[in-house]
Amino acid sequence: MRTSLRWLSLFMAPALVISLSALMVACSSDDGGDGGDETATLTAANPADGSEVPEGATITLTFSSDPGAVTVNGAAAAGAGAARTFTLGADGALSITWDGGAHSLTYTVLAPDNTPPSLVKVTPDVDGASDVDPADLADGLALEFDEPVDADEVVISTGGTALAWVPTVDGNTITLQANADDPIVNETEYEVTGAAVDLAGNSTDISISFTTKAKE
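Numbering (our numbering), first residue to last: 44 to 259.
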């Protein structure tokens, strides 16, 4: 009889440990776990809510996390991850819904914009120059337009080879950020090419060239 009880105890102990471990895991999951079920929230809209926006413009929605399926006035928005886009129609009152959430935006819709952006300023002013000091471009090259734009394959190159300068966009301005590992050098011809695209999708080709001065 003692032998039987001894074998029974040896069997019961591991089983009890496994049962307690499973119970602890289940309780941890019930308490919220890692918060993976948290509903996404809309954190930003570009252009901002309340703006005057031309019909046909692209609106970008940014969420705190992947919102799943997103609809705008019943139509599916494009995109993946935490960002979604849609084209603004004639109705500026927008009802946005996603898995577990909803939000409203209101825009003043203007007539469709069919005018491409215009380049109004280059800083430093090197376009067409033949004696540019490389030091003048140590902070990069900024292209300012007459309206908010995005950059489409904007590069600075020489001899058909693009420099490792990254374009960034801030409102009306596209800036080619200088790269100390791939600098502007003397006695070299450079070209800046690509396109600037406004919110309505109108595009303007960029064509800027300059030559740096000889070494002193």
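Think of the CB as a built atom: it goes at the ideal place given N, C-alpha and C, for glycine as much as any other residue. This one's a predicted model, so the numbers in the text were calculated from it and none came from an experiment.
Original post:
According to DSSP, what are the bridge partners of I199?
Top reply: V235
Original post:
Of all the options Y150, P191, F253 and T105, which has the alpha carbon lying nearest to the alpha carbon of T216?
Top reply: P191
Subject >> For P167 and D261, the rounded distance between their alpha carbons >> reply: Coverage of the chain is limited to positions 44 through 259, which leaves residue 261 absent and any answer about it impossible.
**OP:** Could you check the C-alpha separation between S246 and L85 for me, to the nearest Å?
**Re:** 29 angstroms
Subject >> Classification of V228 by the beta-carbon crowding that lies within 10 angstroms, buried from 16 upward >> reply: exposed
Original post:
Would you say the segment 115 to 135 touches the segment 200 to 211, given that touching needs at least three Cβ pairs under 8 angstroms?
Top reply: no
**OP:** Answer with buried or exposed for P159, where buried requires no fewer than 16 other C-beta atoms within 10 angstroms of its C-beta.
**Re:** buried
Original post:
Is DSSP giving D74 helix, strand or coil here?
Top reply: The predicted position of D74 is uncertain, since its pLDDT is 48 and thus under 50; no value can be drawn from it.
**OP:** Output yes or no for whether 8 angstroms exceeds the beta carbon distance between L186 and L162.
**Re:** yes
Original post:
If V175 and T254 are in contact, beta carbons under 8 angstroms, what's the gap, nearest whole angstrom?
Top reply: 7 angstroms
Original post:
What's the C-alpha gap between D92 and P226?
Top reply: 41 angstroms
**OP:** Check L148 in the structure and name its three-state DSSP category.
**Re:** Correct three-state label for L148: strand.
Original post:
In whole angstroms, what separates the C-alpha of N89 from that of L206?
Top reply: 30 angstroms
Subject >> Spatial distance of K164 from F188 (CA atoms) >> reply: The C-alpha of F188 is placed about 7 angstroms away from the C-alpha of K164.
Subject >> Neighbourhood of P155 by C-beta, 8 angstroms cutoff - its chain only, sequence neighbours within 5 removed >> reply: P97, E98, G99 and A243
Original post:
Does the separation of the CB atoms of L137 and L148 fall below 8 angstroms?
Top reply: Going by C-beta atoms, L137 is nearer than 8 angstroms to L148.
**OP:** Tell me whether P159 sits in a helix, a strand or coil according to DSSP, three-state version.
**Re:** Of the three classes helix, strand and coil, the one that applies to P159 here is coil, per DSSP.
Subject >> Continuous beta strand (DSSP E) stretch holding L219: start and end >> reply: T216 to Q220
Subject >> Inter-residue CB distance, L180 and A221 (contact presumed, cutoff 8 angstroms) >> reply: 6 angstroms
**OP:** Pull up the distance between the alpha-carbon of G144 and that of T114, whole angstroms please.
**Re:** 11 angstroms
Original post:
How far does the beta strand (DSSP E) with D213 in it reach, from first residue to last?
Top reply: V209 to D213
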